[in-house]
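Using the UniProt record's numbering, the letters of the sequence shown correspond one by one to residues 1 to 256. Encoded as structure tokens, the structure appears first; notes follow it.
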Amino acid sequence: MQWLWHCVTHTLTRRYIFGGDMSLVEDFLSEFCEIEKYLRVLTNSDEHKSFSKMLQESKTKNRVVSRYIGELGTFASLRNLLSHERFSGAHVASPSEQVVERIKELRAKIISQPRLLKLCSVELLTFDKSDTIQKVLLEMRKNDFSQVPILSGGTLFGVLSSNTISRWLGSDAFEGLFCTSEATVEEVMAHQEFSDNYEILPQDQTYGKAVAKFEKATSKGKALDAILITHSGKPEQELLGIVTMADMPKIMSELY
């Protein structure tokens, strides 16, 4: 074990630290402490559980932790070095400025993830199930939307997707019944492949939660057409926004 610790400290010394500025040590340890406190709450852990165990338990709870688990483990080793290796009561080394900046970035990504409310700034386009599909198609084309929420007298009815419209077009065209000016949204939605093609999340949920929902649906071979956002995630509440796969590039770029 002594040999292994020597290897770890030697590697860390070469890559991450240099002698000198103690303010960098304080900044690093402060940022690390914030991450550690967050993980302890996230995993409902007592003060005796190790950082490495909390990291493993957090992988499925916070996608950013999972993404950067290797770096976080390295920073834990660096924290141990800075906390325990002293000479005459003083730290023998300090992290580089780049390392301090990096742990600040990770702390912000992990603890201060963007909230779904950020995606609710654009006015939400909704339709009623009694509307003609022609009306909906014109607006979807105009706004370049592939999914829109559908209401029934002000209450959420479902999410209409371009895939469902295609299934309806194929079915009714084959039967010689194709007429967009007469068919209602409700009639078109009868051709949905999956009726549970959406999820509802509260506005204070994170981007990471939305990503996890889409990936979970994909792993089960189901199509998640949209995530609808309400104040506290209840279907009877006013719709505030919608997240679709088209939003994923923006979400991923901000998240990672």
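Cβ atoms here follow ideal geometry from the backbone N, Cα and C, with glycine treated the same way.
{"Check": "Whole-angstrom distance between Leu39 and Ser30, CA atom to CA atom", "Outcome": "14 Å"}
{"Check": "DSSP state of Leu125 mapped onto helix, strand, coil", "Outcome": "coil"}
{"Check": "7 Å CB neighbourhood of Asp27 in its chain, flanking five on each side removed", "Outcome": "Val100"}
{"Check": "Contact belief for Met252 with Phe214 at Cβ below 8 Å, rounded distance in angstroms", "Outcome": "About 11 Å; that fails the 8 Å criterion."}
{"Check": "contact_flag[the stretch 194 to 204, the stretch 222 to 234] where n(CB pairs < 8 Å) is 3 or more", "Outcome": "yes"}
{"Check": "Close Cβ partners of Glu254 (< 6 Å) along its chain, the five nearest in sequence each way excluded", "Outcome": "Pro114"}
{"Check": "Ordered list of alpha helix (DSSP H) runs contained in the stretch 133 to 206, each at least 4 residues", "Outcome": "133 to 143, 162 to 175, 185 to 189"}
{"Check": "Within 8 Å, strictly: CB atoms of Tyr207 and Arg67", "Outcome": "no"}
{"Check": "Three-state secondary structure assigned by DSSP to Ala93", "Outcome": "coil"}
{"Check": "Close beta carbons around Ile150, own chain, < 6 Å, minus the five adjacent residues each side", "Outcome": "Phe127, Lys129, Phe157, Gly158, Leu160, Val185"}
{"Check": "Candidates Val243, Lys37, Thr230, Asp247: closest to Ile110 by CA position", "Outcome": "Lys37"}
{"Check": "Rounded separation between Ser88 and Pro95 - CA only", "Outcome": "Any reading at Ser88 is ruled out, since the residue's pLDDT is 48, under 50, leaving its predicted position unreliable."}
{"Check": "Which listed residue (Lys49, Thr180, Met189, Val64) has its alpha carbon closest to that of Ala108", "Outcome": "Val64"}
{"Check": "Nearest residue (CA-CA) to Ile35, options Thr180, Lys61, Lys49, Lys104", "Outcome": "Lys104"}
{"Check": "Alpha-carbon to alpha-carbon, Arg167 and Gly153", "Outcome": "25 Å"}
{"Check": "Where Leu255 sits in the DSSP three-state scheme", "Outcome": "helix"}
{"Check": "For Thr230, the residue or residues it bridges with in DSSP", "Outcome": "Pro202"}
{"Check": "Burial state of Gln192, where buried means 16 or more other Cβ atoms lie within 10 Å", "Outcome": "buried"}
{"Check": "For Ser88, three-class secondary structure by DSSP", "Outcome": "Reliability fails at Ser88, whose pLDDT of 48 lies under 50, so the model's placement of it is uncertain and no value is given."}
{"Check": "Expected contact under 8 Å - CB spacing of Ala183 and Ile133 to nearest Å", "Outcome": "5 Å"}
{"Check": "Buried versus exposed, by CB contacts within 10 Å (16 or more), Ala217", "Outcome": "buried"}
{"Check": "Reference Cys33, options Glu57, Leu78, Asn62, closest by Cα", "Outcome": "Leu78"}
{"Check": "Backbone CA spacing between Ile242 and Met54 [nearest angstrom]", "Outcome": "33 Å"}
{"Check": "C-alpha distance - Leu116 paired with His231, whole-angstrom precision", "Outcome": "10 Å"}
{"Check": "Cβ neighbour criterion (16 or more within 10 Å) applied to Leu138", "Outcome": "exposed"}
{"Check": "Which of helix, strand or coil DSSP assigns to Gly208", "Outcome": "helix"}
{"Check": "Presumed contact (8 Å Cβ cut-off) between Ala76 and Ser45, rounded CB distance", "Outcome": "About 14 Å; that fails the 8 Å criterion."}
{"Check": "Where the beta strand (DSSP E) through Gly241 begins and ends", "Outcome": "241 to 243"}
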